[in-house]
């Protein structure tokens with residue numbers, strides 16, 4: 172990121188564009204041979220969405236609600252994505268709406284996306300399933316985290332050194348993961364018919380009974396909010412294709428087809444898969460399963476050897492596909508932020524050298540993933556990682572929804588899109604994200620540390636990360652220029668790799684100038 176910028180934001184931070192300039196800008200895109208078609212976009216979304224396939228203490232109703240909210244979200248993102256067909260996702264949408272103070276919204280989003288846009292959750296699930304298949308069912312100890320780091324490293328290297336192979340691999344794994352999920356769904360019908368290795372758990376006898384005790388979390392609004400956050404974590408990924416619009420063939424057609432297919436299909440499969448889980452796993456086991464719910468399901472359905480040693484390998488592969496998809500998408504988002512000059516050493520992070528791939532931004536994603544894996548103390552870390560990953564996104568999505576309502580109701584914005592999201596859908600999604608953003612601060616009933624850490628930790632950390640972005644913006648645009656006696660002049664240019672980037676010149680009061688990273 173630049174060291175500082177002029178307080179005259181509108182004139183010096185960026186070449187002037189019309190109020191709706193972000194919507195109409197043309198930027199560099201990858202050549203056709205490296206672009207992703209409808210099938211690839213479907214699998215990109217599927218790979219991110221179908222991760223571990225389960226969360227703690229969740230109900231079927233919350234899974235249905237999660238699916239409906241996801242469909243609302245995809246409608247909002249389709250309207251934005253088809254109107255602004257550029258890589259970057261929420262970055263472009265927030266910039267289109269919240270133009271003043273310039274770059275404040277972008278800095279806040281950059282802080283969240285870079286510091287919390289990690290692959291740690293499914294990398295850790297990969298590690299735990301490897302240990303589970305080897306006969307070890309332990310908490311998130313250092314062995315699981317070490318395997319998780321190896322998984323994240325593999326994903327980084329394959330996208331860096333063999334990008335086409337990486338895309339083909341998560342396409343193949345997308346098919347494989349759907350097959351695994353279908354296997355769980357159909358075996359669930361067998362479980363409902365009584366064909367299982369364990370007694371009937373009777374989970375449907377009193378389906379709406381609220382359980383209490385170890386693993387069930389707390390009741391009340393806090394309990395429902397955290398449960399829904401974990402449902403949404405499993406649904407996360409529907410926005411993946413919006414992050415790489417610049418690499419989609421015919422983005423308007425591809426997004427309009429791929430996103431609804433992937434989201435609709437996964438919603439149905441998730442609800443059916445959870446019926447299967449409830450048909451074979453007692454509530455006590457399910458409540459304490461964390462990332463291993465599918466492994467316990469296989470064990471209860473097919474016995475010790477097949478259920479614990481063979482079938483969990485399929486879930487390992489499923490998690491690997493998720494890590495590949497997340498690494499692919501978030502690296503491109505990091506690169507887009509770097510192209511705008513919003514990161515320290517932006518020229519380095521935006522570069523495609525030396526392999527004509529976003530190796531530097533992939534490496535940045537890997538660094539954050541590893542830090543999040545090793546930072547929590549020994550013990551259960553999966554739920555904390557899931558909550559921390561999902562929570563700040565509720566704030567961002569609430570502002571995206573509010574921005575869309577503003578654009579639709581303000582004629583002077585000249586807003587148009589091939590896709591229209593109706594007011595009730597946007598409002599519902601806005602209110603849902605506001606609920607998820609605010610309620611975790613409310614003390615839960617019962618234990619104040621239901622997951623082994625104080626209830627307020629993940630919302631406080633999440634908001635702190637967002638505020639860190641705002642603090643950086645203040646330093647960048649106000650403090651550093653005043654101390655240094657200079658201003659920053661921004662210029663868009665095409666670099667030696669054919670990529671449109673933002674370059675900054677630091678101009679002091681004496682008229683001298685120099686480049687700024």
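Numbering (the working numbering), first residue to last: 172 to 688. By construction, the Cβ of each residue, glycine as well, lies at the ideal position given by its N, Cα and C atoms.
When secondary structure is reduced to three states using DSSP, residue 300 falls in the helix class. DSSP lists 657 as the bridge partner or partners of residue 679. Linking residue 647 to residue 268 through their CA atoms gives a straight-line distance of about 21 Å. Pairwise C-beta distances place the region 244 to 259 in contact with the region 580 to 598, as three or more of them are shorter than 8 Å.
Taking the C-beta atoms as reference points, residue 599 is found nearer than 8 Å to residue 243. In this structure, the beta-carbon distance from residue 482 to residue 322 does not fall below 8 Å. DSSP places residue 274 outside both helix and strand once states are collapsed to three, so it counts as coil. In this structure, residue 247 lies near residue 571, with their beta-carbon atoms less than 8 Å apart. Counted as a single uninterrupted DSSP element, the stretch harbouring residue 478 is not any alpha helix (DSSP H), since DSSP gives it neither H nor E. A residue is called buried once 16 or more other Cβ atoms fall within 10 Å of its Cβ, and residue 516, having fewer, is exposed. Residue 447 places its beta carbon 8 Å or farther from that of residue 583. In the same chain as residue 477, and ignoring 5 residues on each side of it, the C-beta atoms closer than 8 Å to its own belong to 469, in chain order. Relative to residue 507, the option among 497, 529, 489 and 495 whose CA is nearest is 529. Here residue 525 is exposed. Its C-beta has fewer than 16 other C-beta atoms within 10 Å. The Cβ atoms of residue 355 and residue 465 sit closer than 8 Å to each other. In the three-state reduction of the DSSP assignment, residue 605 falls in the helix class, which pools H, G and I.
Distance between residue 595 and residue 238, taken at the CA atoms: about 16 Å. Here residue 514 carries a coil assignment [DSSP, helix/strand/coil]. Boundaries cannot be given for residue 590, as no alpha helix (DSSP H) includes it and DSSP labels it neither H nor E. The alpha helix (DSSP H) runs lying completely inside the region 509 to 577 and spanning 4 residues or more are 517 to 521 and 530 to 545, given in chain order.
About 5 Å separates the CB atoms of residue 400 and residue 561; that is less than 8 Å, so the two are in contact. The continuous alpha helix (DSSP H) containing residue 348 extends over residues 334 to 363. Using a Cβ distance threshold of 8 Å, residue 293 and residue 494 count as a contacting pair.
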